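What follows is a set of notes on a single structure, which appears directly below.
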Amino acid sequence: MIALMLALGSSLAYGCADFLGGLGARKAHVLRTVMIAAPASLAVELLLWPFLGASFSAGALGWGAASGIASAAAFALLYRTLAIGPMNVLSPVTALVSATLPVAVGLLQGEHLGAAGLVGLPLALVAVILVSAGHGAGSARPSRTALLSAFGAGGAIALQLVFLHQAPSDTGVAPLIIGRAVSSAVILAAAGLMYRRLGSERPAYAMSTAAGVLDSMANLLFLLAARSGDLTVVAVITALYPAGTVLLARSVLAERIRRGQLVGLGTAAVAVSLLALA
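If you read the sequence shown in numbering that gives the first Met the number 0, its first letter stands for residue 0, the second for the next number, and so on.
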């Protein structure tokens, strides 16, 4: 249950972070948004260091750096995806892709589920599909570029989560600190190389900072959940984060939620309940 609650908290934080990051990327070039979000995330993790501890072993350095590279790609691709919208379609697509690889890794590593879990796990994946299924008459159809970005973002997120899970469990927040330091360096270097193409628009500083802080908290909650539970369950619950993004997009941007998406939200609730029993 502890792992389940941590994964739900991670899911909620990811959904809110993605919404704010996507909005921020609509106001300025995506790299300008990520240049603020990534260092903000690093600052939060450094503040957590004295409280949660950190052991910078070889495993923490290696897996943390790998997760940082994947995180940099995920940041840029995801915020770019959500900036060109529509959020209520592309965010669930990204989540479905991001859930598949960690679930497969967990099963290959020998994790087993009880009867309730065997029903709840595929039901959770179905919930993500339902939330993203189809287009209503009032919904915008995503472009091929947007869909490709969504798949790329999902793959990068999946690798980031898998790499964090592989880091030794006794290293505290070291993998997060290393990962965010690497991702910040990659993003700042990319921004420096592309400086003349970033445009003159000022980024949404508060929105971008909030997105980075929430993303950092989501990563921390995922890491704690994965250390106390099965990656298979934790990953699929975390992948339900589009529920938060979709609801925020409906409330703030008036994006339409179709009946199928509402069914998907209800299905997600049932799936989480079954996974809790597992």
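Every residue gets a Cβ at the ideal spot worked out from N, C-alpha and C, and that includes glycine. Since this is a predicted model, take the numbers as computed values, not measurements.
Considering only Ile35, Gly8 and Ala6, the residue with the shortest C-alpha distance to Ala203 is Ile35.
For the pair Gly63 and Pro167, the CB atoms are not nearer than the 8 Å cut-off.
A Cβ-Cβ distance of about 12 Å is found for the pair Leu220 and Gly14, leaving them out of contact under the 8 Å criterion. In this structure, Ala2 places its C-beta atom within 8 Å of the C-beta atom of Ser227. DSSP, reduced to helix, strand and coil, places Gly211 within a helical segment of the structure shown. Taking 8 Å as the cut-off, the Cβ atoms of Val172 and Ala16 do not count as close. Inter-segment contact for the segment 26–33 and the segment 68–81 is present: three or more beta-carbon pairs are separated by less than 8 Å. Cβ neighbours of Ser148 within its own chain (closer than 7 Å, five residues either side excluded): Leu76, Arg79 and Thr80. Comparing alpha-carbon positions, the option among Leu120, Thr144, Ile68 and Leu41 lying closest to Val185 turns out to be Ile68. In the structure shown, Gly265 falls within a helical segment according to DSSP collapsed to helix, strand and coil. The beta carbon of Ala267 is closer than 7 Å to those of Ala123, Ala126, Leu239 and Ala242 in its chain, skipping five residues each way along the sequence.
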